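All residue numbers for the sequence shown refer to the UniProt record's numbering, where the first residue is 1 and numbers rise by one.
Please read the structure below before turning to the comments.
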Amino acid sequence: MIIQNTSSPLKSLYIIGGRILMVLNSSEFGTMSPLALVERYQERFERISFAYILYALDWLYISGYVELTKQGDISLCN
Numbered sequence: 001m002i003i004q005n006t007s008s009p010l011k012s013l014y015i016i017g018g019r020i021l022m023v024l025n026s027s028e029f030g031t032m033s034p035l036a037l038v039e040r041y042q043e044r045f046e047r048i049s050f051a052y053i054l055y056a057l058d059w060l061y062i063s064g065y066v067e068l069t070k071q072g073d074i075s076l077c078n
């Protein structure tokens with residue numbers, strides 16, 4: 001679920017997705033491997049489960065904000 005009334009707002013896909021975009025924006029080329037993205041996210045923000053990050057990445061991909069490169073990295077869309 002994208003928005004929930006019962007859990008912490010920090011577990012909202014909007015918040016996690018926005019933070020993922022911030023991490024990708026701060027990278028040199030706007031591209032990084034999935035594991036590097038998770039590590040940077042958890043260094044910069046609180047630790048959350050890998051599943052929440054995957055849900056947010058799915059939402060960002062469906063929305064057209066990120067894409068997968070041929071090398072399997074996650075990249076910001078232009």
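Backbone N, C-alpha and C define an ideal beta-carbon position, used for all residues, glycine too.
Note that the structure is a prediction, hence the values are computed from the model and not measured.
Secondary structure note for Ser26: its alpha helix (DSSP H) is the uninterrupted segment Leu13 to Ser26.
Gly18 and Gly72 have their C-alpha atoms some 21 Å from each other. Beyond the five residues adjoining it in sequence on each side, Val38 comes within less than 8 Å, by CB distance, of Phe50 and Ile53 in the same chain, given in chain order. In summary, Met22 is exposed, with fewer than 16 beta-carbon neighbours lying within 10 Å of its beta-carbon over all protein chains present.
If you draw a straight line from the Cα of Ser8 to the Cα of Phe29, it comes to about 32 Å.
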